[in-house]
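Report on the following structure.
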Amino acid sequence: MVDNVNHPAHYTQFEHEVIELTRHLPFDAGNFIKYVLRSPFKGNKIEDLQKALWYAEDFAEHLKLKEVRTVSKKKYAKIFSKWKYFEGVIQGLDIPCAKEFAELAASIVQSSVRRRGEDYQYNLGKKNEPKRMQTFLKNTMYDNIEYIEDTLNKA
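Heads up: the sequence shown begins at 23 in my numbering, then just goes up one per residue.
Structure below.
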């Protein structure tokens, strides 16, 4: 029997439940991941992917690297282990732009969480300037978002 309250079928399609990753991410980041992963199982795939993009744009627009969640190395390893699993899942989904959604999700996850005692994930040549990195991440996200939106609008 399916438990639509605690374990809905569109979240239990995978080896891990989506919440095992999204509970560690900011609201917009978690919702982006959630909408992408459930899109093939909820009825209107394109609509769910468009909702995912809305959350990605909101995340990018409000990205402040000073507010990145810092976690222990052990918790970081656990989060990124789940992320690597779901990255492979997204790439294998039967959705338009699966590769681009996975790349966008990687940018979002990497800009959401960092290890305690370590600097940001991207080294941009100068002492990892947060403002410069924030611009780099936003541009990367917006490039992916624009490409995906164009593709979905043609679908």
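Glycine residues also receive a C-beta, built at the ideal position from the N, C-alpha and C atoms.
Pairing L43 with K104 gives a Cβ-Cβ distance under 8 Å. Collapsing the DSSP output to three states places R60 in a helix. In this structure, the beta-carbon distance from F123 to I170 falls below 8 Å.
Distance from the CA of A82 to the CA of Q72, rounded to the nearest whole angstrom, comes to 15 Å. Counting along the chain, V135 sits inside the beta strand (DSSP E) bounded by residues 135-137.
Boundaries of the beta strand (DSSP E) harbouring V93: 91-93, taken from the DSSP string. DSSP, read as helix, strand or coil, puts D25 in strand. Distance between T162 and L47, taken at the CA atoms: about 19 Å. In the displayed model, F36 falls within coil according to three-state DSSP, outside both helix and strand.
Membership of I68 in the alpha helix (DSSP H) is indicated by the continuous run 67-83. Distance between Q132 and D25, taken at the CA atoms: about 32 Å.
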